[in-house]
Amino acid sequence: MLTAQATDINVPLLDLKAQYATIRDEIEPVVHEVIESQYFIGGPKIDQLEKEIAAYCSCKHAIGCANGSDAIVLALQAMGVGPGDEVILPTYTFFATAGSVSRLGARPIMVDIDPATYNICPKSLEEAFGCCKKVKAIIPVHLFGQAADLDSVLAIATNHKVAVIEDCAQAIGTEDHRGVRVGSRGDIGTYSFFPSKNLGGFGDGGIVATNNDELGACMKRLRNHGMEPKYFHKEIGMNSRLDALQAAVLSVKLRHLDAWGAARQKNAAWYDTFFKDAGATDSRTAVDAGGLALRYPALNKGRHIYNQYVVRVAGAIRDQVRDEMTKRKIGTEIYYPLSLHQQECYANLGYRAGVFPHAERAAKETIALPIFGELTAAQRTHVAQTLVEIVRKLS
Ligand SMILES: Cc1ncc(COP(=O)(O)O)c(C=O)c1O
């Protein structure tokens, strides 16, 4: 039975106002500075952020762009991907991973995921090469903020001589099992500053990062119509620039990113323990395999930045669980209700239902809980207690 006090608690999925309240005094002067300078496109704030992000992501070059979707397009274009090429990616990710491939006239080749981590399944990836002869690149996605199995992905890519573009939209600062930042081992790492990301701007934004000088120079041109020098165009790029107001805000926020990440990790560890004590196990075990029918995230070695904290419940009750949580004023989200191979716009690719069972099952069972750093202990307890109570009632 919930106490009267607990039922009064409102818990949004993400509370950006709470975060802003802690940095308002740092943000206002830099925004004012940009306005006074009237220097909105390019300029010192962009240069500064690009240097800071390159250092943070352990890359030689970072190039700001308009959003994380364009970042993938820029990376693919720099790798020479175009019409007729194939690009392999996990089917369980945000749409932009595949949409960016399609925007260049290339064909997204989808593969299944590891059911424990939701990241690309190396076995499924290797199998894809059996039937695809025009693969130019692989895009592993570090989903929810946990590193994909890069050792396997890079070995497969080297073997087949294809590029690796790491989609780090949800994973800035994530580290793999060796303690290496994601985005720095593949050819290019792509990042999003969408407001709900751990490093979120005050609008759209993105960045590409690489250790390769040539690729860096190429993406710098491509984000600005392929122009170099001014009004001379060797290639066709696009207008995908990050603006100075965003850069100013992001430089301030970057200073807090590790502390915010640590707060998310603390919340995650607390949830894990609470759910374990209630009889749940982690997502390495199927949700119908016994114990409380709730699975908390399985952790690989490395640094998970918890852009999302995603649990699993039985597919038959998942939507009811979410409805009940909403009634109790707890924000949740389904990332993602449909895998990409099942999207209407990709019907032409001809994937049949059941072809990627782990992704299809995840799409039915997952639910994301509030994990943001400013979550209070009372809010966190309310979320966990309510979820366990609902799962027990509906199971
Ligand atoms: C995995 C992934 N890739 C790409 C993107 C695209 O980023 P943006 O929304 O900045 O275009 C997102 C954003 O949600 C994402 O989560």
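So the number in our numbering is just where the residue sits in the sequence shown, counting from 1, plus 649. C-beta atoms are modelled at their ideal positions from N, C-alpha and C, and glycine is treated no differently. Keep in mind it's a predicted model, so treat the numbers as computed, not measured.
Under the three-state reduction of DSSP output, residue 847 falls in the coil class, being neither helix nor strand. Annotation for residue 1008: 740, 741, 761, 762 and 988 place their beta carbon closer than 6 Å to its own, counting only its chain and skipping 5 residues before and after. Three or more pairs of CB atoms, one per stretch, sit closer than 8 Å, so the stretch 709-725 contacts the stretch 854-862. Taking non-hydrogen atoms of ligand 1 into account, the C-beta of residue 988 is found less than 7 Å away from none of them.
For residue 1035, there is no enclosing beta strand (DSSP E); the enclosing alpha helix (DSSP H) has its first and last residue at 1026-1043. If you draw a 10 Å sphere on the C-beta of residue 699, you find 16 or more other C-beta atoms in it, and that means buried. In this structure, DSSP gives residue 834 a state outside helix and strand, which the three-state scheme calls coil. Across the structure, residue 910 and residue 1020 are spaced so that their CA atoms are roughly 10 Å apart.
Assignment of residue 739 by DSSP, reduced to helix, strand and coil, places it in the strand class. Sequence-distant Cβ neighbours of residue 870 in its own chain, meaning closer than 8 Å and more than five residues away, are 876, 877, 883, 884 and 886. At a Cβ-Cβ threshold of 8 Å, residue 839 and residue 831 do not count as neighbours.
Minimum Cα-Cα distance from residue 946 among the listed residues 890, 767, 725 and 664 corresponds to 767. In the structure shown, the three-state DSSP call for residue 1016 is strand. 784 is the residue among 784, 1030 and 844 whose C-alpha sits nearest the C-alpha of residue 755.
By alpha-carbon distance to residue 1030, the top candidate from 802, 801, 893 and 921 is 921. One residue after another in chain order, those with a Cβ under 6 Å from a heavy atom of ligand 1 are 716, 717, 718, 742, 743, 745, 746, 790, 816, 818, 819, 841, 843, 853 and 855. Going by DSSP, residue 757 is part of the beta strand (DSSP E) stretching over 756-760.
With fewer than 16 other beta carbons inside 10 angstroms of its own, residue 926 counts as exposed.
Annotated three-state conformation of residue 702 is helix, per DSSP. Contact between residue 682 and residue 903 does not hold, since their C-beta atoms are separated by about 17 Å, which reaches or exceeds 8 Å. Distance from the CA of residue 797 to the CA of residue 980, rounded to the nearest whole angstrom, comes to 27 Å. In this structure residue 924 touches residue 1033 by the C-beta definition: roughly 7 Å separates them, less than 8 Å.
Around the beta carbon of residue 957, a 10 Å sphere encloses 16 or more other beta carbons of the protein chains shown; the residue is thus reported as buried.
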